[in-house]
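Asker:
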Amino acid sequence: MKKLVFATNNKHKLEELRAILGSTLTLLSLEDIHCDVDIPETADTLEGNAILKAKYIKEQYGLDCFADDTGLEIEALNNAPGVFSARYAGSDKDAAANMNKVLDKLGNTTNRTAQFRTVIALMIGEETKLFEGIVKGQITTQKEGESGFGYDPIFQPEGYTKTFAQLGAATKNSISHRAKAVHQLCKFLTHLNV
Ligand code: IMP
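For this note's numbering, count along the sequence shown from 1 and bump the result up by 1054.
This is the structure in C-alpha cells:
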C-alpha cells in the first residue's frame, strides 16, 4: 500500500486524517519514521513553512510527504497573528496569553472580521502541490467555551452564534479550515489513485 508521511506528531491531526483517508493509503507520522527533529518554521508565510517542513522530510528521508501550517488572520490587525499564531504572545505557545493579546489589541474595535487559514504542502514524486482551506468568522469580545485548542474560544465561524470552543469537535471538524484543506488534499490523492 502507498505510504505517505504527514510531517507532524500531533496525534489529534493524525487521527483526523486517518479517519478521512481510510484504508486507501498508510499515513506515517514523524515518530513512525523515527524523526525527532523539531523542523524549524522560519518562513514568513504559511505556504513557506508548510513547504519547509515537507521538503525536510523529502530530502532527509526520500519519502513522499505533506505538511501543514495554520494561522489566524485578523483584518483589523493587518492579518496578524497569521504565520506567528502559535507564538503571538511569546515563545511558550501559551494559548490563553495569545488570546488575551488579540483581545487587548482589538479593544473595542468594531471590525472583528477574521479567518483561519490552513495551507498543506504535498511533495509526491517530483511534484509539489499546495492546498488551502479557509473559514471566515468574527473575533468575540471574550473567551467562550472549553473544547478545541488555540484560539477556538474567541473565534465564531460565519453562520454560527457560538465559538469553535462552544460548538465542539464534531461541528468544528465538519467546517474547519483544516478540514477544507484536507478535503482538497484527499480529492487530489484520490484523483491520482495512490
Ligand atoms: P499549526 O500550524 O496547526 O501548528 O497552528 C499554529 C497555531 O495556530 C496554533 O498553535 C494555534 O495557536 C493556532 N491554530 C491552528 N489551528 C487552530 C484551530 O483549529 N483552532 C484554534 N487555533 C488554531
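Glycine is no exception: its CB is placed at the ideal position from the N, C-alpha and C atoms.
If contacts are defined as beta-carbon pairs under 8 Å, then L1071 and L1082 qualify, I think. What distance do you get, rounded to the angstrom?
Answerer: The residue labelled residue 1071 in the question sits at position 17 within the sequence shown. The residue labelled residue 1082 in the question sits at position 28 within the sequence shown. Actually they do not touch by this definition, with Cβ atoms about 11 Å apart.
Asker: On a CA-only basis, which of Q1210, H1245, L1243 and K1241 is nearest I1229? Give me that one, please.
Answerer: Here residue 1229 is taken as the residue at index 175 of the sequence shown, counted from 1. Taking only the C-alpha atoms, the option nearest I1229 is Q1210.
Asker: Within 10 angstroms of the Cβ of F1060, are there 16 or more other Cβ atoms? Answer buried if so, exposed if not.
Answerer: Position 6 of the sequence shown, counted from the start, is the residue given in the question as residue 1060. Looking at its Cβ environment, which holds 16 or more other Cβ atoms inside 10 Å, F1060 is buried.
Asker: Nearest by alpha-carbon distance to G1161: which of T1078, T1194 and C1119 is it?
Answerer: Within the sequence shown, the letter at position 107 stands for residue 1161. When each option's Cα is compared against that of G1161, the closest is T1194.
Asker: Rounding to the nearest angstrom, what Cα-Cα distance links G1136 and G1125 in this structure?
Answerer: Against the sequence shown, residue 1136 aligns to sequence position 82. Against the sequence shown, residue 1125 aligns to sequence position 71. Computed Cα separation, rounded: 4 Å.
Asker: So, for G1231: in the same chain, excluding its five sequence neighbours on each side, which residues have a beta-carbon less than 7 Å away from its beta-carbon?
Answerer: For the purposes of this step, residue 1231 is taken as the residue at position 177 of the sequence shown. According to the sequence provided, residue 1231 is His. The question's Gly does not apply to it. Taken in chain order, the residues that qualify are T1124, F1170, R1171, T1172, G1187, I1188 and V1189.
Asker: Can G1213 be considered in contact with the ligand IMP, in the sense that its beta carbon sits closer than 7 Å to one or more heavy atoms?
Answerer: Residue numbering aside, residue 1213 sits at position 159 when the sequence shown is read from its first letter. No; taking the cut-off as 7 Å, the Cβ of G1213 has no heavy atom of the ligand IMP nearer than that.
Asker: Mind checking whether the beta-carbon of Y1110 lies closer than 7 Å to any heavy atom of the ligand IMP?
Answerer: The sequence position of residue 1110 within the sequence shown is 56, counting from 1. No.
Asker: What do you reckon, are the CB atoms on A1175 and A1104 nearer than 8 Å?
Answerer: Taking the first residue of the sequence shown as 1, we reach residue 1175 at position 121. Taking the first residue of the sequence shown as 1, we reach residue 1104 at position 50. Cβ distance < 8 Å, so A1175 and A1104 count as in contact.
Asker: Just mark M1055 as buried or exposed, buried being the case when its beta carbon has 16 or more other beta carbons within 10 Å.
Answerer: Working through the sequence shown from its first residue, we reach residue 1055 at position 1. Residue environment for M1055: exposed (fewer than 16 other C-beta atoms within 10 angstroms of its C-beta).
Asker: Leaving aside the five residues before and after T1244 along the sequence, list all residues of the same chain whose C-beta is less than 8 Å from its C-beta, in chain order.
Answerer: By 1-based counting over the sequence shown, the position of residue 1244 is 190. Excluding residues up to 5 positions away in sequence, T1078 lie with their Cβ nearer than 8 Å to the Cβ of T1244 in the same chain.
Asker: Rounded to whole angstroms, what is the Cα-Cα separation between M1024 and L1221?
Answerer: Shown here, the chain extends from 1055 to 1248; a query on residue 1024 therefore has no answer.
Asker: When burial is assigned at 16 or more other CB atoms within 10 Å of the CB, is F1203 buried or exposed?
Answerer: Translated into positions along the sequence shown, residue 1203 becomes position 149. By the neighbour-count rule (16 or more Cβ atoms within 10 Å), F1203 is not buried but exposed.
Asker: Compute the Euclidean distance between the alpha carbons of E1089 and Y1110, then round it to the nearest angstrom.
Answerer: As a first step, residue 1089 is located in the sequence shown; it is residue number 35 there, counting from the start. As a first step, residue 1110 is located in the sequence shown; it is residue number 56 there, counting from the start. Sequence inspection shows Cys at residue 1089; the Glu mentioned does not correspond to that position. One alpha carbon belongs to C1089, the other to Y1110, and they sit about 11 Å apart.
Asker: With a threshold of 7 Å, establish whether the CB of L1084 neighbours any heavy atom of the ligand IMP.
Answerer: In the sequence shown, residue 1084 corresponds to position 30, counting from 1. No, since every heavy atom of the ligand IMP falls outside the 7 Å radius drawn around the Cβ of L1084.
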